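S.K.: The structure under discussion is supplied below as structure tokens; questions concerning it will follow.
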Amino acid sequence: MTLVTQWEDDGVMIGDDELLQIEQVIERLTTRYPTVSPVDIEHIVRTVHKRLAKGRIRDFVPLLVEKAARRELSDRAATEAVS
Numbered sequence: 006m007t008l009v010t011q012w013e014d015d016g017v018m019i020g021d022d023e024l025l026q027i028e029q030v031i032e033r034l035t036t037r038y039p040t041v042s043p044v045d046i047e048h049i050v051r052t053v054h055k056r057l058a059k060g061r062i063r064d065f066v067p068l069l070v071e072k073a074a075r076r077e078l079s080d081r082a083a084t085e086a087v088s
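If you're matching positions, the sequence shown starts at 6 in our numbering and goes up one per residue.
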């Protein structure tokens, strides 16, 4: 069971475990996309996380955040490669 320890700006409760997993997502994506600024990666991950934060079932939020952020970063890399 995850303890809820933090309230987001929009009133959603976030647990320590989820916050740790989101930090790990940022680390993994920073390693996977070394040409993208870590600041940009963090911004993308946190934006996606905020979009998914109102979900009632929290167990899969970090996984969904990583998948959506990876898709956005891959799209960005493909666009930059074409330019």
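Here a beta-carbon is modelled for each residue, glycine too, at the ideal position from N, C-alpha and C.
Predicted model only: the values in this text are computed from it and were never measured.
Are the Cβ atoms of VAL66 and GLU23 separated by less than 8 Å?
M.R.: Taking the sequence shown and counting its residues from 1, the one referred to as residue 66 is at position 61. Taking the sequence shown and counting its residues from 1, the one referred to as residue 23 is at position 18. Taking 8 Å as the Cβ cut-off, VAL66 and GLU23 qualify as a contacting pair.
S.K.: Note down, in chain order, each residue of its chain lying with its Cβ closer than 6 Å to the Cβ of ALA83, except the 5 sequence neighbours on either side.
M.R.: Within the sequence shown, residue 83 is the residue found at index 78, counting from 1. Answer for ALA83: no residue qualifies.
S.K.: How big is the Cα-Cα spacing for GLU77 and ARG61?
M.R.: Residue mapping note: residue 77 aligns to position 72 of the sequence shown, counting from 1. Residue mapping note: residue 61 aligns to position 56 of the sequence shown, counting from 1. So the two alpha carbons sit approximately 24 Å from each other.
S.K.: Would you mind sorting VAL44 into buried or exposed? The rule is 16 or more other CB atoms within 10 Å of its CB.
M.R.: Working through the sequence shown from its first residue, we reach residue 44 at position 39. Label assigned to VAL44: exposed.
S.K.: Around the C-beta of THR7, are 16 or more other C-beta atoms found within 10 angstroms, so that it is buried, or is it exposed?
M.R.: In the sequence shown, counting from the first residue as 1, residue 7 sits at position 2. The predicted model places THR7 with a pLDDT of 42, which falls under 50 and marks its position as unreliable; any figure quoted below should be read in that light. Label assigned to THR7: exposed.
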